[in-house]
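Asks: Going by this note's numbering, the first residue of the sequence shown is number 174, and it counts up by one from there. Just passing along the structure, written as structure tokens.
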Amino acid sequence: MTWCGDRPDPAFEAPWHAQVFALTVALNEAGHFEWADWAARFGATLKAHGLAKELDGGEDYFNAWLETLEALLIEMKLAEATVLTQMKKAWTEAYLSTPHGQPVKLSH
174 MTWCGDRPDP AFEAPWHAQV FALTVALNEA GHFEWADWAA RFGATLKAHG
224 LAKELDGGED YFNAWLETLE ALLIEMKLAE ATVLTQMKKA WTEAYLSTPH
274 GQPVKLSH
């Protein structure tokens, strides 16, 4: 972690990066999967995308992380592919229709 003035640089580039990381850790701690299994799956996703280079935790890294988590949740029957697709679409629409600087909110 590097320091900028009185505050450290953020550990995550975007809020959703921290959220998907925290969700993965919480699912592991709740016993839904072993971390070694997660690491092997995530490594396979990175390899499939040709992301063998050292990654800095940016967008490509967390898109691969999310892809791995979604596949694992579907395989474990903790989520359905159609529901995940609908949720992504809803978030995209909400994000694109939210004025800059305002919080993104999903409508029910």
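Backbone N, C-alpha and C define an ideal beta-carbon position, used for all residues, glycine too. As the structure is a computational prediction, the values presented were derived from the model and not from experiment.
Would you kindly work out how many angstroms separate the C-alpha atoms of His-222 and Glu-243, rounded to a whole number?
Replies: Their Cα atoms are separated by approximately 16 Å.
Asks: Could you tell me whether the region 254–272 touches the region 232–241, using the rule of 3 or more Cβ pairs below 8 Å?
Replies: The region 254–272 vs the region 232–241: no contact.
Asks: For Met-260 versus His-205, is the C-beta spacing smaller than 8 Å?
Replies: No, the pair does not count as a contact, with Cβ atoms beyond the cut-off.
Asks: In whole angstroms, what is the alpha-carbon distance linking Ala-213 and Gly-274?
Replies: If you take the alpha carbons of Ala-213 and Gly-274, they lie about 38 Å apart.
Asks: Output the distance between the C-alpha atoms of Phe-215 and Lys-278, rounded to the nearest integer angstrom.
Replies: When rounded, the distance between both Cα atoms is 29 Å.
Asks: Below 7 Å CB to CB, which residues in the same chain sit around Val-193 once its five sequence neighbours on both sides are set aside?
Replies: Cβ within range, chain order: Phe-235, Trp-238, Leu-239 and Leu-242.
Asks: Please state whether the Cβ-Cβ distance between Asn-201 and Trp-211 is less than 8 Å.
Replies: Their beta carbons are under 8 Å apart, which means Asn-201 touches Trp-211 by this criterion.
Asks: Secondary structure at His-190, three-state DSSP: helix, strand or coil?
Replies: Reduced to three states, the DSSP call for His-190 is helix.
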